[in-house]
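Here is the structure we will look at.
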Amino acid sequence: MSEWNSRSVRVVLLHNFLSPTRIPLFEALAERFDLDVWILGDIRSVRAWPADAPGARARIRTLPHYTIPLGSRYNVVLINYTLRRELARLKPDAIICCGWDTPAAFLAARFARRTGTPFIVWSGSTPAETTFVRRVTKPWVRTLVCGAGAWVAYGSRAKEYLVSLGANTDKTFLAHNTVELADFANACAASDGVALRARLGIATKYVVLYCGNLLDLKGVGDLIEAFSKLGESDITLVLVGSGKHETKYRARAKELGISGRVVFAGFAQPGDMSAYYALGDTLIVPSRKEVWGLVINEALACGVPVIATDACGATPDLIRDGENGFVVPARNPDALAGAIDAYFAHPERHRAMRDAARASIAPFTIERAADAFVDAVRCAMGNRA
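Residue numbering for the sequence shown follows the working numbering, beginning at 51 and increasing consecutively.
Right, here's the structure in full:
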């Protein structure tokens, strides 16, 4: 077999929106392939993030599109009306498609089938994200998945779901969803947690963090209920984020008599998150439904133990119960309160758990994830070693 050089392979990667945390992966993939990243929609329609990445070391552009809202800013359909023409013009050697929640995924799969272009499905979906739309579209999703030549999964739970839809387990590669760990660790070490503590008016000894949208789906209400069960503790809950349910959560915290120890810090850009990790003693991820949860990667990289629910896609891969954090059942404020209480009942263990957090996330690098994509493309092209 002749030597296979991934750098000469022209790959198109389709991704729904441009998240700042995705750029390091795209750059790593651009070092391995002749890569074009095509973004299907404008992130500003769903998040307060930049729409482009002018300094990125990768060819990234947003395709022309229409956005059709489906009841909320987080639920939209993207129509990329030039996609087939663009693929025909470029004639890629392989197509990587992230997920199947856009018409573009099915258009790209159809193009790949008609032209014989290797098609790779990249997914983080798990059985936990049950919705009416998923139930209705499952037959089409199964067809799309079965038509791929290889698959890339965010983690072990996502791999299991891909296999349940028809993916070949031997051709499904784990590219664990992650961030640039060193960037977060270094920024956290350089952050002034004392100054942020003063700015937020925190007087307690300990700080519990939540970082994400303020929505019921994220379990924020469960977290507030759990926090109220701790009684008069020397802990402040800092909620970093914004969302349509913020007013309701503020009212509930006041009703429970804990508003003096709950800080609504507002939205923070990804580049500002390390300061909050420097402040926090533990991160809580109380999600009722979560494809992955990159804040878990970020916190562990900063040496912050994590208490997460079993509804998070990342939990089986990243959380070692009792070592670098705790796992609790979703929708269970009592269990969540118990885990928080257990963590703060043994402050002598905090240093060891912080060390364990850093050590446990170290293998989950961007470079290793990018290498898994190379394996998947090689496999789909029939050149697997």
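Glycine included, C-beta positions come from ideal geometry on N, C-alpha and C. Computed from a predicted structure; not experimentally measured.
CB of residue i within 8 Å of CB of residue j, strictly
i	j	result
Glu77	Ala108	yes
Tyr393	Thr332	yes
Arg404	Gly372	no
Asn382	Leu350	no
Leu113	Trp88	yes
Leu273	Ile369	no
Glu340	Ala318	no
Val288	Ala315	yes
Ala325	Ser241	yes
Gly149	His115	no
Leu8	Val213	Lying before the first or after the last residue shown, residue 8 is absent from the chain, which here runs from 51 to 435.
Asn130	Ala154	yes
Val345	Gly243	no
Gly293	Leu246	no
Val424	Arg82	yes
Val5	Gly330	An answer regarding residue 5 cannot be provided, because it is not within the stretch 51 to 435 covered by the chain.
Thr449	Tyr211	An answer regarding residue 449 cannot be provided, because it is not within the stretch 51 to 435 covered by the chain.
Gly216	Arg192	yes
Thr222	Lys209	yes
Cys238	Tyr327	yes
Ala380	Gly310	no
Arg60	Pro142	yes
Residue i burial status per 10 Å Cβ neighbour count (16 or more: buried)
i	result
Trp201	buried
Trp342	buried
Phe169	buried
Thr180	exposed
Cys196	exposed
Ala389	buried
His396	exposed
Asn55	exposed
Pro74	buried
Thr297	exposed
Asp322	exposed
Asp220	exposed
Ile411	buried
Thr365	buried
Ile118	exposed
Ala419	buried
Cys429	buried
Selected residue, minimal CA-CA separation from residue i, among the options
i	options	result
Ser278	Val87, Asp151, Ala385 and Val186	Ala385
Pro320	Pro70, Leu64, Trp54 and Ser241	Pro70
Val313	Phe234, Thr286 and Ala426	Thr286
His226	Gly432, Ala422 and Val427	Ala422
Cys147	His65, Val127, Thr219 and Ala103	His65
Met431	Ala144, Gly243 and Ser324	Ala144
Glu275	Ala387, Thr365 and Ala237	Ala387
Leu120	Thr152, Arg111, Gly262 and Glu282	Thr152
Ile93	Arg418, Glu81, Phe182 and Ala103	Ala103
Arg72	Gly310, Tyr204, Lys255 and Ser95	Tyr204
Lys255	Ser283, Arg249, Phe234 and Lys268	Ser283
Ile357	Arg338, Asp367 and Val377	Val377
Thr415	Asp84, Ala303, Glu230 and Asp367	Glu230
Pro336	Ala248, Gly271 and Ala158	Gly271
Glu348	Ala303, Arg207, Arg399 and Asn236	Asn236
Where residue i sits in the DSSP three-state scheme
i	result
His65	strand
Ser173	strand
Ile369	coil
Ile252	coil
Asp84	strand
Gly388	helix
Thr228	coil
Leu212	helix
Gly375	strand
Cys362	strand
Glu179	coil
Arg107	coil
Thr222	strand
Pro383	helix
Tyr204	coil
Pro119	strand
Val335	strand
Thr167	coil
Thr187	helix
Val356	strand
Thr447	Nothing about residue 447 can be read from this structure; the chain reaches only from 51 to 435.
Val341	coil
Val59	coil
Beta strand (DSSP E) runs wholly inside the region 259–328, at least 3 long, in chain order: 285–290 and 312–316
Those runs of the beta strand (DSSP E) which lie wholly inside the region 122–159 and span at least 3 residues: 125–129 and 144–148
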